[in-house]
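Chemist:
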Amino acid sequence: MNIKSRIDRIPGGMMIVPLFLGACLNTLAPNTGKFFGSFTNGLITGTLPILSVWFFCIGASISLKATPLVLRKSGVLVSVKILTAAMAGVIASWFIPAEGITSGFFSGLSVLAIIAVMNDTNGGMYMALMQQYGTKEEAGAFCLMCLESGPFMTMVTLGIAGLAAFPWQTMVGALLPFLIGFALGNLDKDLRAFFTQGVSVMVPFFAFALGNNLNFSTILNTGLLGIVLGLGVIAVTGFMLVLADILLAKGNGTAGIGAASTAGAAVTVPPIIASIEPTFAPVAPSATALIATSVVVTALLTPPLTAWWARRFGVLSPRYRAAEAARLAQPVGIAPAE
């Protein structure tokens, strides 16, 4: 039936389709989990256990053997994106109440949604774009971007912005599965290969469980606003990341455009943060719906924008190709003329 190939045609399909199916089930038959109980209820309501395994597998997939250039590139992109999200959160907190906006076009918008939607980069898409439009070092910057997955960096960002305070035990607990996976994956390459397989496998399961916290009224109410939010992610984080890539990482800006997206993992953040800090519980459903829409919007727009930038200023530009041809034509041991 080619079900998977059809799902893969949808941007973020393995996240969005199960999320949509979970929302369908929650809207039409909200008590399904309680009715069947046992493993069925665990599959429907087990967001945190499934995500903890997923974070462990992500940690195991990251290799410590990264070159300094790769670490510099990825460190710049990750740091700037987190700081940009923190600044956006602080500015938003001046205008948005703690319970979020409850009426008008911006109904459902909250500081949590803004920070979470800007904090996580779609690492898989970034790596694919850099393999096509960037350099090997820029593609390798994916290694630290995995740190953005999950609630830990959003908790750090909320703390930096002074919008929430989490006990150190909670902070460590959010990062511990990732660190244990990271340690095992770097101690044994066979374990890394084994656990890395779980990264993609777990996605539809936690997406389905997350969808069971949503209903169609929430999705419909935030649909257009989610599109605007997605465009804002590309505009705001894209601008900051391009500047950082050019000025700090000594790139040409292509990596900055490629990182201006929202990761599917960001959808997991609001319910987890709400489970840790109950004050965020009222805004978590609408924030999840907004982020899901932004995932699709940025997945659709970031690739063509990256390709356009690469043709104008990056590795596909006439200037870059001419400089590269001159470098290759230069005899070994002779420095190019200034």
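In my numbering, the protein residues as written are 23 to 360.
C-beta atoms are modelled at their ideal positions from N, C-alpha and C, and glycine is treated no differently.
1. Smallest Cα separation from Leu201: which of Leu86, Ile66, Ser339?
2. Helix or strand or just coil, what does DSSP make of Thr157?
3. Rounding to the nearest angstrom, what Cα-Cα distance links Ala45 and Ala287 in this structure?
4. Taking the CB atoms as reference points, tell me whether Pro292 and Ala306 lie closer together than 8 Å.
5. What residues in its chain sit with their C-beta under 8 Å from that of Met147, if we drop five residues either side in the sequence?
6. Determine, using beta-carbon pairs with one atom in the stretch 241-248 and one in the stretch 100-107, whether at least three such pairs fall under 8 Å.
7. Between Asn237 and Phe117, what straight-line distance do the alpha-carbon atoms span, to the nearest angstrom?
8. So, is Lys26 buried or exposed, given that buried needs 16 or more other C-beta atoms within 10 angstroms?
9. Using the three-state DSSP reduction, which class does Asn63 fall into: helix, strand or coil?
10. Below 7 Å CB to CB, which residues in the same chain sit around Glu360 once its five sequence neighbours on both sides are set aside?
11. Excluding the five sequence neighbours on either side, which residues of its own chain have a C-beta within less than 7 Å of the C-beta of Ala329, listed in chain order?
12. Taking 8 Å as the cut-off, decide whether the C-beta atoms of Gly260 and Asp267 are in contact.
13. Just verifying my parser: in three-state terms, what is the DSSP assignment at Val194?
14. Would you decide whether Val194 is buried or exposed? Buried here means 16 or more other CB atoms lie within 10 Å of its CB.
15. Our contact map puts Gly207 next to Leu213 with C-beta atoms below 8 Å; I'd like the distance itself, whole angstroms only.
16. Contact defined as beta carbons within less than 8 Å: I believe Asn235 pairs with Asn48. What is the distance between those atoms, to the nearest angstrom?
17. So for Arg31, helix, strand or coil by DSSP?
18. Quick one, are the C-beta atoms of Ser316 and Val255 less than 8 Å apart?
Modeler: Judging by the given coordinates:
1. Leu86
2. coil
3. 17 Å
4. yes
5. Gly280, Ser283, Ala321, Thr324, Pro325
6. no
7. 27 Å
8. exposed
9. helix
10. For Glu360, the predicted model reports a pLDDT of 46, less than 50, meaning its position is unreliable; a value from the coordinates is still stated below. There are no such residues.
11. Tyr155
12. no
13. helix
14. exposed
15. 6 Å
16. 7 Å
17. coil
18. yes
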